Amino acid sequence: MTAGPSFPASPAAPPTVSVEVVSWVTKFIGGDGSGRRVFEEPLGEGATVRDVLAGVSARYPELAAALWHDREIGEHIEVLVNDAVLGISHELDSALRPGDRVTLLGQYMGGG
0 MTAGPSFPAS PAAPPTVSVE VVSWVTKFIG GDGSGRRVFE EPLGEGATVR
50 DVLAGVSARY PELAAALWHD REIGEHIEVL VNDAVLGISH ELDSALRPGD
100 RVTLLGQYMG GG
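For what it's worth, our numbering labels the leading residue of the sequence shown as 0, then goes sequentially.
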């Protein structure tokens, strides 16, 4: 019996994390300020929440201006990692794993 044709192994897809941008924050990435946008960000070895957000911010300068204040997250956009608010189970310098989800959620402020 002869062996069948040999095919090269297909390259594994690079690891990613999902980045979800919700509500009025979408206007900073080309949206209309409503709904949500989700995209996959490459995840390098040892990449942190800060690294992923810095990569997204580099492509969207308006988002960078709204998100960051002195290298920390400003007060108007909430960052969630796997549905937990940043500071609960993750910090900006926490490592991410493939399949994690980072959400940028605009805070709503009211008054009366």
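We put the CB at the ideal spot given by N, CA and C, even for glycine. Quick caveat, the model's predicted, so the values are computed rather than measured.
Do we get a CB-CB distance below 8 Å when we pair residue i with the residues of chain B?
i	result
residue 68	This model lacks chain B altogether; it includes just one protein chain.
Mind checking residue i: buried by the 16 CB within 10 Å criterion, or exposed?
i	result
residue 27	buried
residue 37	exposed
residue 84	exposed
residue 76	buried
residue 31	exposed
residue 82	exposed
residue 94	exposed
residue 92	exposed
residue 99	buried
residue 89	buried
residue 12	exposed
residue 64	exposed
Which of the three DSSP states is assigned to residue i in this structure?
i	result
residue 79	strand
residue 22	helix
residue 61	helix
residue 91	coil
residue 66	helix
Taking residue i as the reference, give the member of the options with the closest Cα.
i	options	result
residue 41	14, 34, 78 and 107	14
residue 102	12, 11 and 22	22
residue 74	93, 51, 91 and 106	106
residue 33	66, 45 and 19	19
residue 54	17, 104 and 88	17
Q: Say whether the stretch 57–64 touches the stretch 13–30, bearing in mind that this needs 3 or more beta-carbon pairs closer than 8 Å, one atom from each stretch.
A: yes
Q: Return the chain-ordered ranges of every beta strand (DSSP E) run that is complete within the stretch 32–58 and spans a minimum of 3 residues.
A: 35–41
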